[in-house]
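The structure appears right after this line, and notes come after that.
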Amino acid sequence: MIEDIRSFTSAGERRNIEFKKALSPGYHLKMDRKKSLISQMKYRMERGDGRAVYLLGVEDSGEPVGLPDEELRGSVEVLRKLSQEIDAVVEEVNLHEGTHGRVAEVIISRKQKTEREHLLIGVAGHVDHGKSTLLGTLTTGTPDDGSGKTRIFLDVQKHEIERGLSADLSFAIYGFRDGMVIRLKNPLDRKEKSGLMDKADRVISFVDTVGHEPWLRTTIRGIVGQNLDYGLLTVAADEGPTHITREHLGIMIAMELPVIVVLTKTDMATPSQRRAVRAKISELLKLVGRIPFHVTGRDSARQIAGKMNQHIVPIIETSSVTGEGLEVLDELFLNLEVKRDVNGDEKPFLMYIDKVYTIRGVGTVVSGTIQQGLVRKGDTLLLGPMNTGKFREVTVKSIEMHHYRIGCAEPGHIVGISISGASADEIERGMILAHPDYEPEAVREFEADVAILVHPTTIKAGYESVTHIETIAETTILEPLDAEFMSAGDRGRVRMRFKYRPHHVKEGQKIIFREGRSKGIGSVTRILE
């Protein structure tokens, strides 16, 4: 809502802001005039990424003269009828005092597609095994030049471009409409992303993680903290699986994700090399109780998509240079099931915060993947826990998904939520946003069932490691409960305590704890007072 109408209008019309003195149903809804106003509304909405703001009762000069209430209601009704013509809706009407009447601030936005399917896939693999290049080529249809040309669509930071290494999570999307693929000409174009979200009835969102070993913490965050549907593991055909490949596969399995293996860079490998790498991948999958399935075409991709679970792992051969295998991936992603909690919409809203921003003209924005429940513009939510263990009330100002402004978001959506009531420097990754009915609690200590995967010595009371739960990455102090010591291969109950501050955790959540490389996995079994 605009705070000072006179200051706001003094800057004149701009981007998605349109001034109208008055609109009359008898005149402005006539055919010729109506067409002109619809074209104007489309233009304003395109400039505003799906959102336009009309100020009724304002002269072209910006003077907020206002209108009598009856005339103002008629003008708003004209905007309602015009918005229906372009599949949009009047989302909000705010009234302000003008010099000779009242001014209406009318916010118009595209209708939210409720029938859209949304699939969330985490992508991991060893550094330089072609994760970002594969996603850049897949989502644009642009062949790579063999030097990572399409990777730039995901590695957008200056140091990432210079070094050719991803250093943080990045996101990519493409989609389908009536079974036909929709790609982006330029994934960095916000308007084009917004347009894809508007058109597609099935959206595939990729979380591109980091393959470089020093950033393992970021990779774990991408796999553990994003509420993924599937994991995609890349293996270069000219190199084969590495210790990082095994590490990333282990994290996906610990999170109980169905896994897809994509063999990349097939243009750089001989047929015998490809067979040898497939054999190594199959051997690795069998060691961890998975069944490898070599997908050779679109028909087999369609068949395996309906049978995908935690045990069957498709292996698909691709090249970002020649385009080999990309149509097979299209077919797989078109037919994969979205495995969400059928009652997730009805539960109170919960989202773990992954990133925090301050955006000029918007304010504080937090982003993450919605775990359960719906969130709408105007909702009052709880943010926290703060260092004190308390939660603070905040208000949802707006919601965006891949730069597409929406009025309501649901489980599985990766969203940015603009909030009022807290500044960015008060918010940390690992905090939550939750509906008051969720009744969140701050937790300092909990019990877990864990398995020790790798550790050179014994683990005893006082052992410290970084523990990952959702987007939380916090040092914990561990105490074995079933024995005095634990070592590699052992399973048992432990008590864990956050060292520095409380967090919100709940029973059943998966955990990974590590020093450098991941050392143990498990799940929360009991929250301690």
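Counting in the UniProt record's numbering, the sequence shown runs from 1 upward without gaps. Beta carbons: idealized from backbone N, C-alpha and C, even for Gly. Values in this document were obtained by computation on a predicted structure and should not be read as measured data.
Item to complete: Kindly indicate which residue of Val-288, Thr-358, Thr-242 has the alpha-carbon position closest to the one of Asp-128.
Response: Numbered from 1 along the sequence shown, position 128 holds the residue referred to as residue 128. Out of Val-288, Thr-358, Thr-242, the CA that lies nearest to the CA of Asp-128 is found in Thr-242.
Practice prompt. Report, in whole angstroms, the separation of the C-beta atoms of residue 530 and Leu-232, which I expect to be a contact under 8 Å.
Written response: Any property of residue 530 remains undetermined from this structure, which presents the chain solely from 1 to 529.
Discussion item. With the cut-off set at 7 Å, would you say Ala-488 and His-435 are in Cβ contact?
Written reply: Counting from one through the sequence shown, the residue named residue 488 turns up at place 488. Counting from one through the sequence shown, the residue named residue 435 turns up at place 435. In this structure, Ala-488 sits away from His-435, with a CB-CB distance that is not shorter than 7 Å.
Item to complete: Determine, using beta carbons only, whether Thr-140 and Leu-184 come nearer to each other than 7 Å.
Response: For the purposes of this step, residue 140 is identified with residue 140 of the sequence shown, where counting begins at 1. For the purposes of this step, residue 184 is identified with residue 184 of the sequence shown, where counting begins at 1. Taking 7 Å as the cut-off, the beta carbon of Thr-140 is found closer than this to the beta carbon of Leu-184.
Practice prompt. Identify whether Glu-162 lies in helix, strand or coil by the three-state DSSP scheme.
Written response: In the sequence shown, the residue the question calls residue 162 occupies position 162. At Glu-162, the pLDDT of 35 sits below 50, so the modelled position is not reliable; the number obtained from the coordinates is stated separately. Note: Glu-162 maps to helix in three-state DSSP.
Practice prompt. Mark Leu-334 as exposed unless 16 or more other C-beta atoms lie within 10 angstroms of its C-beta, in which case mark it buried.
Written response: The residue given as residue 334 occupies position 334 in the sequence shown. Residue burial annotation: Leu-334 is buried, with at least 16 other C-beta atoms found within 10 angstroms of its C-beta.
Discussion item. Helix, strand or coil for Val-524? Go by DSSP, reduced to three states.
Written reply: By one-based count along the sequence shown, residue 524 stands at place 524. Here Val-524 sits in strand by DSSP.
Worksheet item: Under three-state DSSP, which class holds Val-156?
Response: Position 156 of the sequence shown, counting from 1, holds the residue named residue 156. Interpretation of Val-156 is limited by its pLDDT of 42, a score under 50 that renders its predicted location unreliable; no figure is taken from the coordinates.
Item to complete: Identify the continuous beta strand (DSSP E) that holds Met-401 and give its terminal residues.
Response: Locating residue 401 in the sequence shown gives position 401, counting from the first residue. Unbroken beta strand (DSSP E) run through Met-401: 392-401.
Item to complete: Could you tell me the distance, in whole angstroms, from the CA atom of Ile-414 to the CA atom of Ile-527?
Response: Taking the first residue of the sequence shown as position 1, residue 414 is located at position 414. Taking the first residue of the sequence shown as position 1, residue 527 is located at position 527. Straight-line Cα distance between these residues: approximately 28 Å.
Discussion item. Classify Ser-420: buried if its beta carbon has 16 or more other beta carbons within 10 angstroms, exposed otherwise.
Written reply: Numbered from 1 along the sequence shown, position 420 holds the residue referred to as residue 420. By the Cβ-count criterion, Ser-420 is exposed, with fewer than 16 other Cβ atoms from all chains shown falling within 10 Å of its own Cβ.
Discussion item. At the level of alpha carbons, what is the spacing between Tyr-54 and Gly-225?
Written reply: What you label residue 54 is simply residue 54 of the sequence shown in a count that begins at 1. What you label residue 225 is simply residue 225 of the sequence shown in a count that begins at 1. Each residue's alpha carbon lies about 39 Å from the other.
Worksheet item: Nearest-angstrom Cα distance between Leu-79 and Gly-522?
Response: Sequence index remark: in the sequence shown, residue 79 carries index 79 (1-based). Sequence index remark: in the sequence shown, residue 522 carries index 522 (1-based). So the two alpha carbons sit approximately 55 Å from each other.
Fill in: Three-state secondary structure assigned by DSSP to Lys-191
One-based indexing of the sequence shown puts residue 191 at position 191. In the displayed model, Lys-191 falls within a helix according to three-state DSSP.
Worksheet item: So Lys-460 is in the alpha helix (DSSP H); what residue range does that whole segment cover?
Response: As a first step, residue 460 must be located in the sequence shown, where it is residue number 460. Where Lys-460 is concerned, there is no enclosing alpha helix (DSSP H), because DSSP gives it neither an H nor an E.
Worksheet entry | First and last residue of the uninterrupted alpha helix (DSSP H) at Ile-281 | Residue 281 sits at position 281 when you count from the first residue of the sequence shown. 271-287 is the extent of the alpha helix (DSSP H) around Ile-281.
Fill in: Simplified DSSP assignment, three categories, for Met-45
Position 45 of the sequence shown holds residue 45. It is helical.
Item to complete: Counting only the same chain and skipping the five closest in sequence on each side, list residues whose C-beta sits under 7 Å from that of Val-394.
Response: For the purposes of this step, residue 394 is taken as the residue at position 394 of the sequence shown. Beyond the five residues adjoining it in sequence on each side, Val-394 comes within less than 7 Å, by CB distance, of Leu-381, Leu-383, Ile-419, Ser-420, Gly-421, Ala-422 in the same chain, given in chain order.
Fill in: Spatial distance of Tyr-43 from Ser-465 (CA atoms)
The residue labelled residue 43 in the question sits at position 43 within the sequence shown. The residue labelled residue 465 in the question sits at position 465 within the sequence shown. Using only the alpha carbons, I get a separation of about 54 Å.
Worksheet item: Using the beta-carbon count (16 or more within 10 Å), is Leu-56 buried or exposed?
Response: The count along the sequence shown starts at 1 and reaches residue 56 at position 56. Classification of Leu-56: buried, given that the 10 Å Cβ count is 16 or more.
Practice prompt. Locate the beta strand (DSSP E) running through Val-203, then write down its first and last residues.
Written response: On the sequence shown, residue 203 is found 203 positions in, with the first residue counted as 1. It spans 202-208 - the beta strand (DSSP E) in which Val-203 sits, taken as one unbroken run.
Item to complete: Thinking Val-259 and Thr-245 are a contact (beta carbons under 8 Å), I'd like their distance in whole angstroms, please.
Response: The residue labelled residue 259 in the question sits at position 259 within the sequence shown. The residue labelled residue 245 in the question sits at position 245 within the sequence shown. So it is not a contact: roughly 12 Å between Cβ atoms.
Worksheet item: Can you tell which of Ile-204, Arg-190, Leu-350 has the C-alpha that lies nearest to the C-alpha of Phe-176?
Response: Taking the first residue of the sequence shown as position 1, residue 176 is located at position 176. Nearest of Ile-204, Arg-190, Leu-350 to Phe-176, Cα basis: Ile-204.
Worksheet item: Beta-carbon separation of Val-109 and Arg-491 under 7 Å?
Response: On the sequence shown, position 109 is the one that residue 109 refers to. On the sequence shown, position 491 is the one that residue 491 refers to. One point to set straight first is that residue 109 is Ser, not Val, in the sequence displayed. In this structure, Ser-109 sits away from Arg-491, with a CB-CB distance that is not shorter than 7 Å.
Worksheet entry | Residue range of the unbroken beta strand (DSSP E) whose run includes Ala-236 | By 1-based counting over the sequence shown, the position of residue 236 is 236. Taken as a continuous stretch (DSSP letters only), the beta strand (DSSP E) holding Ala-236 covers 230-236.
Worksheet item: Ends of the beta strand (DSSP E) at Gln-372?
Response: What you label residue 372 is simply residue 372 of the sequence shown in a count that begins at 1. Counting along the chain, Gln-372 sits inside the beta strand (DSSP E) bounded by residues 363-372.
Discussion item. So, with DSSP's three-state summary, where would you put Glu-70?
Written reply: Stepping through the sequence shown from its first residue, residue 70 is reached at position 70. When secondary structure is reduced to three states using DSSP, Glu-70 falls in the helix class.
Practice prompt. Grab me the residues of Glu-97's own chain with a C-beta within less than 8 Å of its C-beta, minus the 5 sequence neighbours each way, in chain order.
Written response: For the purposes of this step, residue 97 is identified with residue 97 of the sequence shown, where counting begins at 1. So the list reads Ile-5, Gly-66, Val-103, once near-sequence residues are dropped.
Item to complete: Give the single residue among Gly-130, Phe-513, Asp-60 whose Cα lies nearest to the Cα of Leu-263.
Response: Within the sequence shown, residue 263 is the residue found at index 263, counting from 1. Nearest C-alpha to Leu-263: Gly-130.
Worksheet item: Where does His-159 land, buried or exposed, given buried means 16+ other C-beta within 10 angstroms?
Response: As a first step, residue 159 is located in the sequence shown; it is residue number 159 there, counting from the start. Unreliable positioning characterises His-159 in this predicted model, as indicated by a pLDDT of 33, which lies under 50. The coordinate reading is nonetheless provided below. Its Cβ having fewer than 16 others within 10 Å, His-159 is exposed.
Worksheet item: For Ile-107, which residues of its own chain have a beta-carbon under 6 Å away from its beta-carbon, when the five flanking residues on both sides are left out?
Response: Looking up residue 107 in the sequence shown gives position 107. Here the set comprises Val-53, Glu-91, Glu-92.
Discussion item. Using DSSP's beta-bridge definition, name the partner residues of Lys-20.
Written reply: Walking along the sequence shown from the start, residue 20 turns up at place 20. Bridge partners of Lys-20: Leu-56.
Discussion item. Can you look up Glu-247 in the DSSP assignment and give me helix, strand or coil?
Written reply: Indexing the sequence shown from 1 puts residue 247 at position 247. Reduced to three states, the DSSP call for Glu-247 is helix.
Worksheet item: When you compare only the Cα positions, how much space is there between Gln-157 and Ile-312?
Response: Taking the first residue of the sequence shown as position 1, residue 157 is located at position 157. Taking the first residue of the sequence shown as position 1, residue 312 is located at position 312. Confidence at Gln-157 is low in this model, with a pLDDT of 41, below 50, so the placement of that residue should be treated as unreliable; the coordinate-derived value is given next. Straight-line measurement puts the Cα of Ile-312 at about 36 Å from the Cα of Gln-157.
Worksheet entry | For Ser-147, the three-state DSSP class (helix, strand or coil) | The sequence position of residue 147 within the sequence shown is 147, counting from 1. The three-state reading of DSSP puts Ser-147 in coil, since its state is none of H, G, I, E or B.
Worksheet item: Which full runs of the beta strand (DSSP E) of 3+ residues lie inside the stretch 417-451, going along the chain?
Response: As summarised for the stretch 417-451, the continuous beta strand (DSSP E) elements at least 3 residues long and confined to that stretch are 432-434, given in chain order.
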